[in-house]
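Notes follow once the structure below has been shown.
There are 2 protein chains.
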Amino acid sequence: MATIIDGKSLANELNKKTKLEVEQLKKKGIVPGLVVIIVGEDPASKIYVRNKQRKAEQLGIYSVVEEAPSTISEEDLIGIVQKYNQDPAIHGILVQSPLPKTMDEPRVTRTILPEKDVDGFHPVNVGRLFANLKGDYPIACTPRGIMTMLKHYEIPMEGKNAVVVGRSNIVGRPMMALLNNANATVTLTHRFTSNLSQYTQNADILVVATGVRHLIKADAVKPGATVIDVGMDRDENGKLTGDVDFDHVKDVAGFITPVPGGVGPMTIATLMQQIVELAKWSD
Amino acid sequence: MATIIDGKSLANELNKKTKLEVEQLKKKGIVPGLVVIIVGEDPASKIYVRNKQRKAEQLGIYSVVEEAPSTISEEDLIGIVQKYNQDPAIHGILVQSPLPKTMDEPRVTRTILPEKDVDGFHPVNVGRLFANLKGDYPIACTPRGIMTMLKHYEIPMEGKNAVVVGRSNIVGRPMMALLNNANATVTLTHRFTSNLSQYTQNADILVVATGVRHLIKADAVKPGATVIDVGMDRDENGKLTGDVDFDHVKDVAGFITPVPGGVGPMTIATLMQQIVELAKWSD
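Protein sequences, first through last, are from chains A and B.
With the numbering used here, the residue at position 279 of the first sequence is 297, and numbering never jumps.
With the numbering used here, the residue at position 203 of the second sequence is 221, and numbering never jumps.
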């Protein structure tokens, strides 16, 4: 039976640390500030935004939500981003994904100042991560939060075989970079991969981010492996579940994250951590 | 016996195409311009720079070599870069690596305007590549040249297992990105990888860029695989050879690049191709 990686309690710890850092920054006259820009009325996006705002406020972070109608033009949206680029009270700018399909989302992301890019999605920050450059820059929050979990549970990475399933720019690709930078040997798999289980069965560390419910079954997992489930899927009863068949994989794996209570809380805690860092770096 | 990938003749073809493009651009009043900045007296660097300059001139590209003494300060070197950033006659700026060890090379690279970054090393261009963004931007020349070879020889990539040995920012990492973007399943291996041959033996496409002479022997190669050798090593007699034990691997592989005459000529031809593209995109 695997050790269950307790993302919720780890996120609580991280949030406590962040809260302390906010208090210390305030003594120096700096109030970390976040703006979340949301376009349109997508209910899931609205919940995400509300959760981020609530968490920020709990931790003493100044938080603004800017709501734009789905009819806003790309130029006007970019204008809003630029307004916050110039606002010294704001250290992190987050444009809630997805944008309306008519918009060029990478173009909007690119207008966020790299030093206010709290999501780590600006190409210059992506490039720094992939080139493993030194220095202070933001990194995509989900994979960074996973690295925090792996380090906390002292999972060895150097020289280990790591397999990432799914290659989104939000999770899979930056996850690949972070594991590579930690000296794991990383394979990035995706929808075109043939014989996926041939890769996953050899993985010491397996990170799954596909949005395909229970894609990874017990027979696809190496005994003793660390299994990280980024999925947020719904089962037939509407219950939240992951890309990993947790109930059976937990009997094979050495470490495993549950859904919910694994990667999810760590992502939002890492976002908060990163706003405070951006505020510090701007000083 | 493998098909030998003829990098030299493919480079000649590409150079002919580039030369024609230069002529056409000149009719429109645009002369593609390259500056190569070299610091110090490293003999190998001087040869590389001279080769690039000579090739550029052969193709009708305006070419400047700016030589700086090894005693130049980082600020003064950046000043030279900035001068060419503003020079409308120059479309591509290349700072010959390596710089003196006292200098922060990534910082110097970062001062090159991304739209004049002919090497594709600026973080914003690296980030675009890794995120597989659409649009026109320069890409590291060695891996891009390898992609041109793979396409020319109609090597299938989608769904294939690709292994990259060596993770430099000049070859291994961008190679990984390009193969991933072409829908191969890519594993990036490096000095910390344990059981390297376990990976290479399963590779349909194997790209080796380590600087370790004859690291890859015949028993490490899958029968029929495509083997790309980026090595430029010297054997005990001072003869140029690669990271792959060509004489034996050629009996196992399906396709193989020789050294010399494989990747080398394609790199410089790709550099020329890219200068012309930068000139076109600037129009």
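In this text, a Cβ means the ideal position worked out from N, Cα and C, and glycines have one as well.
| field | Members of the region 107-127 of chain B that neighbour chain A once the beta carbon cut-off is set at 7 Å | value | Within the region 107-127 of chain B, the residues whose Cβ lies closer than 7 Å to some Cβ of chain A are Pro124, listed in chain order.
| request: Tell me whether B/Arg231 sits in a helix, a strand or coil according to DSSP, three-state version. | output: Looking at B/Arg231 - three-state DSSP - the assignment turns out to be coil, as it is neither helix nor strand.
| query | Are B/Leu112 and B/Asp137 closer than 8 Å when you measure CB to CB? | reply | Contact: yes.
| Just by C-beta distance, which residues in the region 50-70 of chain B are closer than 8 Å to chain A? | Those would be none; no residue qualifies.
| message | Tell me the rounded alpha-carbon separation between B/Thr191 and A/Gln104. | response | In the sequence as presented, Thr is not what sits at residue 191 of chain B; that position holds Arg. Using only the alpha carbons, I get a separation of about 35 Å.
| query | Do you know offhand how far B/Gly280's Cα is from B/Gly25's? | reply | The straight-line gap from Cα to Cα measures roughly 4 Å.
| field | Whole-angstrom distance between A/Ile274 and A/Ile22, CA atom to CA atom | value | The alpha-carbon atoms of A/Ile22 and A/Ile274 are separated by roughly 5 Å.
| request: Quick one: measure Cβ to Cβ for B/Asp261 and B/Thr207, integer angstroms, because I've assumed they're closer than 8 Å. | output: The pair is not a contact, with the Cβ atoms about 12 Å apart (cut-off 8 Å).
| said: Can you pull out the residues from the region 255-280 of chain B whose beta carbon lies closer than 8 Å to at least one beta carbon of chain A? | reply: Answer set for the region 255-280 of chain B: empty.
| field | Sub-8 Å separation of A/Pro156 and A/His109 beta-carbons | value | No. Outside cutoff.
| field | Own chain residues within Cβ distance below 6 Å of A/Thr36, not counting five before or after | value | Closer than 6 Å at Cβ, skipping near neighbours: Leu77, Met290, Gln291 and Val294.
| Segments of 4+ residues assigned as alpha helix (DSSP H) that fall wholly inside the region 150-214 of chain B | For the region 150-214 of chain B, the full-length alpha helix (DSSP H) segments reaching 4 residues or more read 159-170 and 190-199 along the chain.
| query | To the nearest angstrom, how far is it from the Cα of A/Ser63 to the Cα of A/Val57? | reply | Cα atoms of A/Ser63 and A/Val57: separation of roughly 9 Å, rounded to the nearest angstrom.
| Proximity winner among A/Asn201, A/Asp247 and A/Tyr171, relative to A/Val189 (alpha-carbon distances) | Residue nearest to A/Val189 within the set A/Asn201, A/Asp247 and A/Tyr171 is A/Asp247 (criterion: CA-CA distance).
| Taking Cβ positions only, does B/Ser215 come closer than 8 Å to chain A? | Chain A, which has no Cβ nearer than 8 Å to the Cβ of B/Ser215, makes this no.
| task | Reducing DSSP to helix, strand and coil, say where B/Glu133 ends up. | result | The answer is helix: DSSP assigns B/Glu133 an H, G or I state.
| task | Tell me, please, which residues DSSP counts as bridged to B/Phe264. | result | None, per the DSSP bridge assignment.
| Contact between the region 171-179 of chain B and the region 205-222 of chain B: three or more CB pairs below 8 Å? | Between the region 171-179 of chain B and the region 205-222 of chain B there are three or more inter-stretch CB-CB distances shorter than 8 Å, so the stretches are counted as touching.
| By Cβ distance, which residues of its chain are closer than 7 Å to B/Ile96, with the 5 residues on each side in sequence left out? | For B/Ile96, where only same-chain residues beyond five positions count, the Cβ hits under 7 Å are Val126 and Thr129.
| task | Just the C-alpha distance for A/Pro61 and A/Lys101, rounded to the nearest angstrom, thanks. | result | Computed Cα separation, rounded: 26 Å.
| said: Buried or exposed, going by whether 16 or more other CB atoms sit within 10 Å of the CB of A/Pro241? | reply: By the Cβ-count criterion, A/Pro241 is exposed, with fewer than 16 other Cβ atoms from all chains shown falling within 10 Å of its own Cβ.
| query | Does any CB atom of chain A fall closer than 8 Å to the CB of B/Leu206? | reply | By the rule that beta-carbons nearer than 8 Å mark a contact, B/Leu206 touches chain A.
| 8 Å Cβ shell around A/Asp269 - same chain, five flanking residues per side excluded | Taken in chain order, the residues that qualify are Met19, Ala20 and Ala236.
| field | Cβ distance (whole Å) where B/Pro124 is taken to contact A/Leu151 below 8 Å | value | Contact between B/Pro124 and A/Leu151 holds: CB atoms are separated by about 5 Å, below the 8 Å threshold.
| field | Proximal chain A residues relative to B/Glu41, where beta-carbon distance stays under 8 Å | value | In chain order: nothing, as chain A lies at least about 33 Å away.
| request: Spatial neighbours of B/Ile286 within its chain, please: CB distance less than 6 Å, with the 5 preceding and 5 following residues excluded, ordered by chain position. | output: Around B/Ile286: Lys73.
| With a cut-off of 8 Å, does the C-beta of A/Leu151 fall near any C-beta of chain B? | For A/Leu151, at least one C-beta of chain B is nearer than 8 Å to its own C-beta.
| request: Report yes or no: is there a C-beta of chain B within less than 8 Å of the C-beta of A/Asn198? | output: Answer yes: the Cβ-Cβ gap between A/Asn198 and chain B drops below 8 Å somewhere.
| field | Interface partners of A/Asn16 on chain B, CB under 7 Å | value | For residue 16 of chain A there is no data in the structure shown, the boundaries of chain A being 19 and 301.
| Closer than 9 Å at the beta carbon, the chain B residues around A/Gly177 | Taking the beta carbon of A/Gly177 as reference, the chain B residues within 9 Å of it are Phe210, Thr211 and Ser212, listed in sequence order.
| request: Please go through the region 55-116 of chain B and give each complete alpha helix (DSSP H) segment of 4 or more residues, from N-terminal end onward. | output: As far as the region 55-116 of chain B is concerned, its whole alpha helix (DSSP H) runs of at least 4 residues are 61-76 and 92-103.
| task | Under 8 Å by Cβ, that's how I've got A/Leu214 and A/Val183 pegged, so tell me the actual separation to the nearest angstrom. | result | The pair is a contact, with the Cβ atoms about 7 Å apart (cut-off 8 Å).
| Spatial distance of B/Met193 from B/Pro161 (CA atoms) | Using only the alpha carbons, I get a separation of about 5 Å.
| query | Going by the beta-carbon positions, is the gap between A/Leu32 and A/Thr166 smaller than 8 Å? | reply | Yes, the pair counts as a contact, with Cβ atoms nearer than the cut-off.
| field | Chain-ordered chain B contacts of A/Val183 [CB-CB under 8 Å] | value | Near A/Val183 there are no residues of chain B at all, since even the closest Cβ is about 10 Å away, more than 8 Å.
| What is the rounded straight-line gap between the Cα of A/Glu85 and the Cα of B/Ala200? | Their backbone Cα atoms lie some 38 Å apart in a straight line.
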